[in-house]
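Notes follow the structure.
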Amino acid sequence: MSPEHRTETLGRAAAQYTERVQQILAEALDAEQDRIAEAAALLAERFTADGILYVFGSGHSHVFAEEGFFRAGGSARICPVLEPDHMLHVSAQRSTELERESGHAASVLAGYEIDPDTDTMLVVSNSGANALPVEVARTARDMGLPVIAITSRAYATASTQTGPKLHEVADIVLDNHCPPGDALVSVREDLPLAGPGSSVVGLALLNAMIVAAAEKEAEQGGTPRVFLSAGMPDAAEHNARIIAEMGPRVPHI
Numbered sequence: 001m002s003p004e005h006r007t008e009t010l011g012r013a014a015a016q017y018t019e020r021v022q023q024i025l026a027e028a029l030d031a032e033q034d035r036i037a038e039a040a041a042l043l044a045e046r047f048t049a050d051g052i053l054y055v056f057g058s059g060h061s062h063v064f065a066e067e068g069f070f071r072a073g074g075s076a077r078i079c080p081v082l083e084p085d086h087m088l089h090v091s092a093q094r095s096t097e098l099e100r101e102s103g104h105a106a107s108v109l110a111g112y113e114i115d116p117d118t119d120t121m122l123v124v125s126n127s128g129a130n131a132l133p134v135e136v137a138r139t140a141r142d143m144g145l146p147v148i149a150i151t152s153r154a155y156a157t158a159s160t161q162t163g164p165k166l167h168e169v170a171d172i173v174l175d176n177h178c179p180p181g182d183a184l185v186s187v188r189e190d191l192p193l194a195g196p197g198s199s200v201v202g203l204a205l206l207n208a209m210i211v212a213a214a215e216k217e218a219e220q221g222g223t224p225r226v227f228l229s230a231g232m233p234d235a236a237e238h239n240a241r242i243i244a245e246m247g248p249r250v251p252h253i
């Protein structure tokens with residue numbers, strides 16, 4: 001579809017948004033390929049040792065934990081760190097307040113049997129400046145876990161919040177290349193920009209990393225634990241075997 005046809009069909013703002021998302025996604029996947037490969041190699045090594053990837057994000061970033069967990073084509077070695085008060089469905093306003101407060105990381109991670117010898121932590125924060133995700137990353141590192149981050153360096157650099165930024169704490173940083181404020185298009189001059197891009201791009205980075213890890217694990221002679229869609233032939237039996245194996249390690253299963 002030509003840009004002109006897209007604008008005519010979708011309208012100017014939506015056409016600009018889809019074009020901008022495609023540009024940022026292509027830029028991020030190209031620029032971050034070395035970090036994706038580095039993260040995938042780490043995960044393949046740790047998955048082969050029976051490790052788990054714990055995924056944490058607060059506010060809208062909690063969708064990364066749910067995206068990676070218990071889904072068709074997804075790794076069974078992903079454990080989401082899900083604390084309702086730090087998500088959106090209990091209180092969006094309160095979750096925003098909590099992610100800016102220090103002192104919650106220990107309670108967020110409590111209840112998960114994390115093994116620093118085999119496990120890995122992924123922390124997602126688009127701004128990379130809020131206290132809670134930075135604190136979770138630092139706590140995980142203090143426990144001995146390698147930490148991967150998905151964040152926007154540009155946003156973190158532009159943020160007025162004080163303190164360390166997520167990209168300064170993590171061992172491996174996947175930059176989503178999204179702009180400060182995470183809004184991509186103007187719908188009218190007197191209105192704020194609209195159209196977030198960090199989830200679209202960040203989730204692609206996440207899944208590229210997981211797929212690359214599975215490939216490396218398979219190349220090394222391992223057997224990646226990947227869920228089948230429930231509607232596919234033999235999925236029930238396939239998934240039941242994985243659940244029996246991984247259930248004791250991943251409490252949300």
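Using UniProt numbering, the letters of the sequence shown correspond one by one to residues 1 to 253.
Cβ coordinates follow ideal geometry from the N, Cα and C atoms, glycine included.
Legend entry - Distance between Pro116 and Leu206 (C-alpha atoms, nearest Å): When rounded, the distance between both Cα atoms is 21 angstroms.
Legend entry - C-beta contact flag for Pro227 and Val123 at 8 angstroms: The question names Pro, but residue 227 is Phe in the sequence shown. The Cβ atoms of Phe227 and Val123 lie no closer than 8 angstroms to each other.
Inset, instruction - Would you kindly check if the distance between the Cβ of Arg77 and the Cβ of residue 262 is under 8 angstroms? - result: Residue 262 is absent from the structure shown; the chain starts at 1 and stops at 253.
Inset, instruction - Provide the residue span of the beta strand (DSSP E) that contains Ile253, from first to last. - result: First-last for Ile253: undefined, no H or E at that position.
Inset, instruction - State buried or exposed for Ala105, treating a residue as buried only when at least 16 other CB atoms are found within 10 Å of its CB. - result: Buried.
Inset, instruction - Please classify Phe47: does DSSP put it in a helix, a strand, or coil? - result: Helix.
Inset, instruction - Rank Leu193, Ser159 and Glu66 by C-alpha distance to the C-alpha of Tyr54 and give the top, closest one. - result: Taking only the C-alpha atoms, the option nearest Tyr54 is Glu66.
Inset, instruction - May I ask you to report which of helix, strand or coil DSSP gives Ala170? - result: coil
Legend entry - Asp175, DSSP secondary structure in three states: strand
Legend entry - Buried versus exposed, by CB contacts within 10 Å (16 or more), Pro192: Around the beta carbon of Pro192, fewer than 16 other beta carbons lie within 10 angstroms, which makes this residue exposed.
Legend entry - Beta-carbon spacing of Val134, Pro180 below 8 angstroms: no
Legend entry - Beta-bridge partners of Leu53, as assigned by DSSP: Ile78 and Thr120
Inset, instruction - Measure the C-alpha to C-alpha separation of Thr162 and Ala129 and round it to an integer number of angstroms. - result: Roughly 8 angstroms separates the two Cα atoms.
Inset, instruction - May I have the straight-line CA-CA distance separating Gln22 from Ala137, to the nearest angstrom? - result: 29 angstroms
Inset, instruction - Could you give the DSSP three-state label for Ser199: helix, strand or coil? - result: DSSP places Ser199 in the helix class (H, G or I) of the three-state scheme.
Inset, instruction - With DSSP as the reference, please indicate the residues paired to Thr151 in a beta bridge. - result: In DSSP, Thr151 forms a bridge with Ser125 and Asp175.
Legend entry - DSSP state of Val226 mapped onto helix, strand, coil: DSSP, read as helix, strand or coil, puts Val226 in strand.
Legend entry - Per DSSP, the bridge partner or partners of Val185: Ala194
Inset, instruction - Would you grab the beta carbon distance between Ile148 and Leu174 for me? Rounded to a whole angstrom, and I think it's under 8 angstroms. - result: 7 angstroms
Legend entry - Closest by C-alpha distance to Ile242, when choosing among Gly59, Glu27, Gly73 and Phe64: Gly73
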